[in-house]
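J.:
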DNA sequence: TTAGTAAGTTGGACAGTACAACTAAGTATG
DNA sequence: CATACTTAGTTGTACTGTCCAACTTACTAA
């Protein structure tokens, strides 16, 4: 089996006309969370082994597809996500793929990029030793990233910001119970601009997205109603974007 | 070079830790056009050579990435598009990737899917001998497709219909000069529902998308103003969707 | 001249956001 | 214990853009 699929290039492969070079195939994940009132992304430090490209640099979590372990691309992404964060069922969406002759010095390679949203609570626990959260500065992150990962990260941020304008995606960044002002704050952090309170509330409450729990968030001032995501928590698409800044 | 990247698995590859099976890597394209007042997709008939999976079935145009010829994935997609249609600069967008152990009987394989929009005029000319247009019936097409191409096609139709609600994508299905009612008709064909004339006109004319040419479309009744896409023809994103049917 | 048809315009109803002022419910302070 | 402060949540008006329907315009055909 391995011989047929792999680099070995056995007789069976030759008969099927598959005796030509194959690109490397990887999966990378852009994992977002909110920490300290800022959007963060998870990065891992690359090893320094023999022949490792970009030794010691930071990169998106990911790696080669394992044709023995991974049934499909998404399973591969979920495996890598679980390995680095311990999170098993986040919001996970395919972002796109990047493939070229030169993005990896080891040869023609293509990566299938995913992006995931996880709540802050999950973000603090169970991190792999080599993984670390970095705050987003604009469209990028402080350290220089390996491969074309800066470009992939930028695409992920763009996609996230864009979708937040007309979907309920930030709900997946929230803990199990949250207030409407907290949800609005999350939207504002991702979008990096303030939103109208009343329009925001109208939109969220008229969507079939959240339901109140019989509790309030107590604080130094007026308590706020707590909500949770409804059971069937598919992302909601709104018919309008929030109005653009100008 | 080939030995390092390919199935041969030479010493260099082994030193880099790359001596493991690699998935097959392909690119497939969903090419849409409007013909005879209906959305059509281009399919090719598969060969019947030794070891060819799905012999004689119809499939999306595509094939293996050629690590020698293709600089990157998009170049590969453009090459395959040009080979089948002769079209060189259509609207081309990455759709997603599909990869699993079982989608190709020859082994673990991953395809990078693109979708393209081409005008009817280009659709009639320069078709490859094995390529053929098929009208869309709902989300699919009459013949049974090879691999998981029915699923990919469905994703493409879904994405197209979805984006047409709030973008100017149908403009890329139009000939160089067209009238507003013709553009509206194209929207209606893709969405499979009628749109409001006045709202449609307001939306299109206030977007920085089209400009009138000093000509009219003559017909059996009142002539219509002809328009063309403006030079910088990036797709326009509208702030609202057209209102849903109910 | 008249009927017919499709292009294009106009105006009122409606929905949802923008903006801003307001009320409500708690804590902290003198 | 009253008052200030803060944040939660509501209310009302303006505005934008769609929905719906009726209207005018420009042409052909009979």
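Residue numbers (the working numbering), protein chains in the order written: chain A, 662 to 907; chain B, 662 to 907.
Using N, Cα and C, we set each Cβ at its ideal position, and we do this for glycine too.
#1: Whose Cβ in chain B lies nearer than 8 Å to the Cβ of residue 734/A?
#2: Residues of chain A with CB closer than 9 Å to the CB of residue 726/B, please, in chain order.
#3: Who are the near neighbours of residue 850/A in its chain, counting only those whose CB is closer than 7 Å to its CB and skipping five residues on each side?
#4: Please report whether the beta-carbon of residue 755/B lies at a distance below 9 Å from any beta-carbon of chain A.
#5: Measure the alpha-carbon distance for residue 720/A versus residue 715/B and round it to whole angstroms.
#6: Any C-beta of chain B sitting closer than 9 Å to the C-beta of residue 885/A?
#7: Between the C-alpha atoms of residue 761/B and residue 879/A, what's the straight-line distance to the nearest angstrom?
#8: Which of the three DSSP states is assigned to residue 895/B in this structure?
#9: Going along the chain, which residues of its own chain have a beta-carbon closer than 8 Å to the beta-carbon of residue 891/B, five neighbours each way excluded?
#10: Name, please, each residue of chain A whose Cβ falls closer than 9 Å to the Cβ of residue 679/B.
#11: Rounded C-beta distance between residue 806/A and residue 718/A? I'm assuming under 8 Å.
#12: Within its chain, find whatever has a CB closer than 6 Å to the CB of residue 757/B; leave out the 5 residues flanking it on each side and keep chain order.
#13: Looking at C-alpha atoms only, which residue of 779/B, 882/B, 759/B is the closest neighbour of residue 732/A?
#14: With respect to the alpha helix (DSSP H) encompassing residue 889/A, which residues constitute its N-terminal and C-terminal limits?
#15: Would you list, in chain order, the members of the region 869-902 of chain B that have their beta-carbon closer than 8 Å to a beta-carbon of chain A?
#16: Can at least three beta-carbon pairs, one atom from the region 810-830 of chain A and one from the region 724-740 of chain A, be found at a separation below 8 Å?
#17: Within 9 Å of any Cβ in chain A, is that where the Cβ of residue 731/B sits?
#18: Quick check on residue 752/B: does DSSP put it in helix, strand or coil?
#19: Cα-Cα, which of 845/B, 874/B, 852/B, 853/B is closest to residue 860/B?
#20: Check for me: the alpha helix (DSSP H) holding residue 703/B runs from which residue to which?
#21: Reducing DSSP to helix, strand and coil, say where residue 779/A ends up.
#22: Could you check where the beta strand (DSSP E) with residue 694/B kicks off and where it finishes?
#23: Please give me, in chain order, every unbroken run of the beta strand (DSSP E) with length at least 3 that falls completely inside the region 708-770 of chain B.
#24: To the nearest angstrom, how far is the alpha carbon of residue 705/A from that of residue 798/B?
#25: Please report the distance separating the alpha-carbon of residue 853/A from that of residue 818/A.
#26: Between residue 768/B and residue 678/A, is the Cβ-Cβ spacing less than 9 Å?
#27: Just confirm the distance between the C-beta atoms of residue 777/A and residue 753/A, as a whole number of angstroms; I'd bet it's less than 8 Å.
T.: The structure says:
#1: Taking the first chain and counting its residues from 1, the one referred to as residue 734/A is at position 73. Those are 758, 759, 760, 761, 771, listed as they occur along chain B.
#2: In the second chain, the residue the question calls residue 726/B occupies position 65. Proximity of chain A to residue 726/B at the Cβ level (cut-off 9 Å) is accounted for by 683, 684, 760, 769, 771, in chain order.
#3: If you number the first chain from 1, residue 850/A lands on position 189. Excluding sequence neighbours, residue 850/A sits near 695, 698, 699, 700.
#4: Your numbering for residue 755/B matches position 94 in the second chain. Chain A, which has a Cβ nearer than 9 Å to the Cβ of residue 755/B, makes this yes.
#5: Within the first chain, residue 720/A is the residue found at index 59, counting from 1. Within the second chain, residue 715/B is the residue found at index 54, counting from 1. For residue 720/A and residue 715/B, the distance between alpha carbons rounds to 39 Å.
#6: Locating residue 885/A in the first chain gives position 224, counting from the first residue. No, residue 885/A does not count as interfacial toward chain B.
#7: The sequence position of residue 761/B within the second chain is 100, counting from 1. The sequence position of residue 879/A within the first chain is 218, counting from 1. If I take the Cα positions, the gap works out to 49 Å.
#8: Within the second chain, the letter at position 234 stands for residue 895/B. It is coil, neither helix nor strand.
#9: Translated into the one-based positions of the second chain, residue 891/B becomes position 230. Shown here for residue 891/B: same chain residues with a beta carbon closer than 8 Å to its own, the five before and five after excluded, namely 869, 870, 871, 872 in chain order.
#10: Position 18 of the second chain, counted from the first residue, corresponds to residue 679/B. What residue 679/B touches in chain A: 668, 685, 712, 725, 767, 768.
#11: Residue mapping note: residue 806/A aligns to position 145 of the first chain, counting from 1. Residue mapping note: residue 718/A aligns to position 57 of the first chain, counting from 1. Sure, about 7 Å apart at Cβ, within 8 Å.
#12: Here residue 757/B corresponds to residue number 96 of the second chain, with the count starting at 1. Its chain contains 774 as the residues whose beta carbon lies nearer than 6 Å to that of residue 757/B, once the 5 sequence neighbours on both sides are disregarded; these appear in chain order.
#13: Here the question's residue 732/A lines up with position 71 in the first chain. Cα-wise, what sits closest to residue 732/A is 759/B.
#14: Along the first chain, one-based indexing puts residue 889/A at 228. Element bounds for residue 889/A: not the alpha helix (DSSP H) but the beta strand (DSSP E), 885-890.
#15: 900, 901, 902
#16: no
#17: Looking up residue 731/B in the second chain gives position 70. Output row for residue 731/B: interface = yes.
#18: Locating residue 752/B in the second chain gives position 91, where the first residue counts as 1. Strand at residue 752/B.
#19: Residue 860/B sits at position 199 when you count from the first residue of the second chain. Looking at the Cα atoms, 845/B is the closest of the given residues.
#20: Walking along the second chain from the start, residue 703/B turns up at place 42. No alpha helix (DSSP H) holds residue 703/B; the beta strand (DSSP E) holding it covers 699-706.
#21: On the first chain, residue 779/A is found 118 positions in, with the first residue counted as 1. Coil, per DSSP.
#22: Sequence index remark: in the second chain, residue 694/B carries index 33 (1-based). Residue 694/B -> beta strand (DSSP E) spans 685-696.
#23: 723-725, 752-761
#24: Translated into positions along the first chain, residue 705/A becomes position 44. Translated into positions along the second chain, residue 798/B becomes position 137. Approximately 47 Å, taken between the alpha carbons.
#25: Against the first chain, residue 853/A aligns to sequence position 192. Against the first chain, residue 818/A aligns to sequence position 157. Answer to the nearest angstrom: the Cα atoms are 12 Å apart.
#26: For the purposes of this step, residue 768/B is taken as the residue at position 107 of the second chain. For the purposes of this step, residue 678/A is taken as the residue at position 17 of the first chain. Their beta carbons are not under 9 Å apart, which means residue 768/B does not touch residue 678/A by this criterion.
#27: The residue given as residue 777/A occupies position 116 in the first chain. The residue given as residue 753/A occupies position 92 in the first chain. Yes, they are in contact, since the Cβ atoms of residue 777/A and residue 753/A sit about 5 Å apart, within 8 Å.
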